Amino acid sequence: MITAIDVNRETYEIGLPIIKKAGVDHKINFIESEALSVLDQLLKYSENEGSFDYAFVDADKDNYCNYHERLMKLLKVGGIAVYDNTLWGGTVAVPEEQVPDHFRGSSRQAILDLNRSLADDPRVQLSHVALGDGITICRRIF
1 MITAIDVNRE TYEIGLPIIK KAGVDHKINF IESEALSVLD QLLKYSENEG SFDYAFVDAD
61 KDNYCNYHER LMKLLKVGGI AVYDNTLWGG TVAVPEEQVP DHFRGSSRQA ILDLNRSLAD
121 DPRVQLSHVA LGDGITICRR IF
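Residues 1 to 142 (full-length UniProt numbering) make up the sequence shown, in order.
Take a look at the structure:
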């Protein structure tokens, strides 16, 4: 079963015709909501801990570290969490004074904080991929 969480149902509905054509719509549980509250609800039930194989996070950047902490409880050992936009236009590797104005702000800082946190997290093995705006793949090892 796939649990898909998005604050905007239209995003899900764009792909729904393809999902139905593939015959897998019965395998997707779409939840229109902010993800943190859904993850918190899932964690209220101990049977959900360690039940996720995979998570893809492309959400509000200011909460990426919060998503990570919850996902480490929901992912099984060997499970994968992927975070999108972790290169933030390449600005994560340049000094603040060289960052273009449109990349500055809380989202850039949140990505920097996430990258530092993931690098220091002994529960995961990491791979950064310079695909698009960057993805970080985390494999839970314990």
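Beta carbons: idealized from backbone N, C-alpha and C, even for Gly.
Predicted model only: the values in this text are computed from it and were never measured.
In the three-state scheme derived from DSSP, where H, G and I count as helix and E and B as strand, residue 94 is classed as coil.
Closest in C-alpha terms to residue 44, from the list 55, 21 and 73, comes 73. Under DSSP, the beta-bridge partners assigned to residue 29 are 3. Under a 10 Å Cβ-count criterion, residue 75 is classified as buried, with 16 or more other Cβ atoms of the shown protein chains found around its own Cβ. Here residue 9 has 32 as same chain residues with Cβ atoms under 6 angstroms from its own Cβ, once five neighbours each way along the sequence are excluded. Under DSSP, residue 81 shares a beta bridge with 55 and 138.
Under the DSSP assignment, residue 87 falls outside any alpha helix (DSSP H); it carries neither an H nor an E label. Across the structure, residue 27 and residue 18 are spaced so that their CA atoms are roughly 13 angstroms apart.
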